[in-house]
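Enquirer:
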Amino acid sequence: MKKINYFSLAAILILSLCSFSYAQFHEEKYSPKISIKPGIGFEYFSRTISWDDDKYSSNLKSYFFILNAEFEIQEGFSLNALAGYSFSNFDSLIFRELPFSVELDVGDMSGFLFGGEIKKSIFSTNDFEVEGLGQFVYYLGSKKEWDIPDLNVEGSVTGKPWWMRASAGPVITYTGFDYFYPYIYLSYNKLWGKFKIEQTIQELSGSEDKKITGKSVFSTSLGAIYEVFDALTLKAEASFMPYNKGLDFGVMLRAMYSF
906 MKKINYFSLA
916 AILILSLCSF
926 SYAQFHEEKY
936 SPKISIKPGI
946 GFEYFSRTIS
956 WDDDKYSSNL
966 KSYFFILNAE
976 FEIQEGFSLN
986 ALAGYSFSNF
996 DSLIFRELPF
1006 SVELDVGDMS
1016 GFLFGGEIKK
1026 SIFSTNDFEV
1036 EGLGQFVYYL
1046 GSKKEWDIPD
1056 LNVEGSVTGK
1066 PWWMRASAGP
1076 VITYTGFDYF
1086 YPYIYLSYNK
1096 LWGKFKIEQT
1106 IQELSGSEDK
1116 KITGKSVFST
1126 SLGAIYEVFD
1136 ALTLKAEASF
1146 MPYNKGLDFG
1156 VMLRAMYSF
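Per our numbering, residue 906 is the first one in the sequence shown, and the count goes up by one each step.
(1) What are the residues that DSSP puts in a beta bridge with K1116?
(2) With 16 as the cutoff for other CB atoms within 10 Å, does I1027 come out buried or exposed?
(3) Between which two residues does the beta strand (DSSP E) containing V1122 stretch?
(4) Starting from S955, follow the beta strand (DSSP E) in both directions and report where the run begins and ends.
(5) Could you round the C-beta distance between T1063 and E1113 to whole angstroms and report it? I think they count as a contact, below 8 Å.
(6) Given N973, which residues of its chain have a CB within under 6 Å of its CB, disregarding the five upstream and five downstream residues?
(7) Kindly confirm or deny that the stretch 1015-1032 and the stretch 996-1006 touch, where touching means at least three C-beta pairs closer than 8 Å.
(8) Would you say L1152 reaches chain D, if we count a Cβ-Cβ gap shorter than 7 Å as a contact?
(9) Using the C-alpha atoms, what's the distance from K1140 back to F995?
(10) Can you tell me whether V1058 is helix, strand or coil according to DSSP?
(11) Nearest to K1101 by alpha carbon, out of S951, F1164, K1049, R1070?
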């Protein structure tokens, strides 16, 4: 039920922003010209996750390759569709409610990534521009199987994870340079998900869902956009996500071509 609610909240947010912007277009007699920026990117993050009602924690590392298509519907307003392939490592997770408790050294689990971004210019001055940026990403991992060691009979465990990440906040860009634009992105950055496993040992079987939550919820990202030439743009970003007893981090690289 919570999973459905998260999807609903994300959809309502995106639809509300789109409706608001659509109304603005008519007020401002907007031109229907749309520019498209297809691109390719790479992202990596390492985040501390908690589970079993915050009693335990481990590390989630994920790196993914993304294809994106950014549609600038009006100057200062754009929508960006994301799709890609990811490898996520949940480190070690302990499951206690199966026929036999098991600790998994999960390793890399491949999966597909889907999501979108919405960006809207708020205001600009001579050397600075402030935009609002929101992103929603959903990772669906593929199923993986592990053998259970130290048993006199055959037994196996299969697992399948998913996680979501939602972020939103202002982007402040310095525009005083030519072709090079450094920025800072301050955002609320939430990650949550679930790891489901099923255990089979002869006639015995059981399943367990492990809910995971990222400990860090706020992010400070430092980045820069470099216009190689009119049609090609490069973007690099490093993110820092503090929490009570540590610091998570991530990096992102993108190349976009406009026409």
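Every residue, glycine too, gets a C-beta built ideally from N, C-alpha and C.
Expert: Let me lay it out:
(1) Counted from its first residue, the sequence shown places residue 1116 at position 211. In DSSP, K1116 forms a bridge with K1099.
(2) As a position in the sequence shown, residue 1027 is number 122, starting the count at 1. Exposed, since its Cβ has fewer than 16 Cβ neighbours within 10 Å.
(3) To locate residue 1122, count along the sequence shown from 1; it is residue 217. First-last for V1122: undefined, no H or E at that position.
(4) Counting from one through the sequence shown, the residue named residue 955 turns up at place 50. Looking at the DSSP string, the run of the beta strand (DSSP E) that includes S955 is 940-956.
(5) Walking along the sequence shown from the start, residue 1063 turns up at place 158. Walking along the sequence shown from the start, residue 1113 turns up at place 208. Not a contact, Cβ separation roughly 12 Å.
(6) Mapped onto the sequence shown, residue 973 falls at position 68. Hits under 6 Å: G944, N985, L987.
(7) no
(8) Among the protein chains of the structure shown there is no chain D, as only one such chain exists.
(9) Here residue 995 refers to the residue found at position 90 of the sequence shown. Here residue 1140 refers to the residue found at position 235 of the sequence shown. The straight-line gap from Cα to Cα measures roughly 28 Å.
(10) Locating residue 1058 in the sequence shown gives position 153, where the first residue counts as 1. In this structure, V1058 counts as coil in the three-state DSSP scheme.
(11) Position 196 of the sequence shown, counted from the first residue, corresponds to residue 1101. K1101 has its Cα closest to that of K1049, out of S951, F1164, K1049, R1070.
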